[in-house]
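Peer 1: Below: one structure in structure tokens.
Numbering (my numbering), first residue to last: 0 to 124.
The following block contains the structure:
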């Protein structure tokens, strides 16, 4: 079975370790990491992700802007994107989701069981 590629853009070392541990437990997952928004955008653009997990607060380019940039590119229009944040989403959530183009929003700390289930569901698209 072909491994699913998850591209993770995260600058918090604790969460990078969390993702490594989580995806080590899951079959057929190959994670790729970058820790700044601009480098993350380049990594994703040069790859073929099955899912992107993007922190909202990133150096050089925030997660929402990164999502918007990805959605402008045809090959990334339907790739599932999860945005993670250390603070609640403020404003009109529906409008923000639609404008940025991400599929899920999670606040830290993550509910591990729910997060894993949603990752598995998004990978089965």
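The beta carbon of each residue, even a glycine, is placed where N, CA and C say it ideally should be.
Go ahead and pull the three-state DSSP assignment for residue 3.
Peer 2: Residue state, collapsed to three classes: strand.
Peer 1: Which two residues bound the contiguous beta strand (DSSP E) that contains residue 106?
Peer 2: 103-106
Peer 1: For residue 113, does the three-state DSSP call read helix, strand or coil?
Peer 2: helix
Peer 1: Just curious, the alpha helix (DSSP H) that residue 33 is in, first and last residue?
Peer 2: Run containing residue 33: none in the alpha helix (DSSP H); it sits in the beta strand (DSSP E), 28-33.
Peer 1: Report the three-state DSSP secondary structure of residue 60 (helix, strand or coil).
Peer 2: Correct three-state label for residue 60: coil.
Peer 1: Excluding the 5 residues preceding and the 5 following residue 61 in the sequence, name in chain order all residues of the same chain whose CB lies nearer than 8 Å to its CB.
Peer 2: 36, 55
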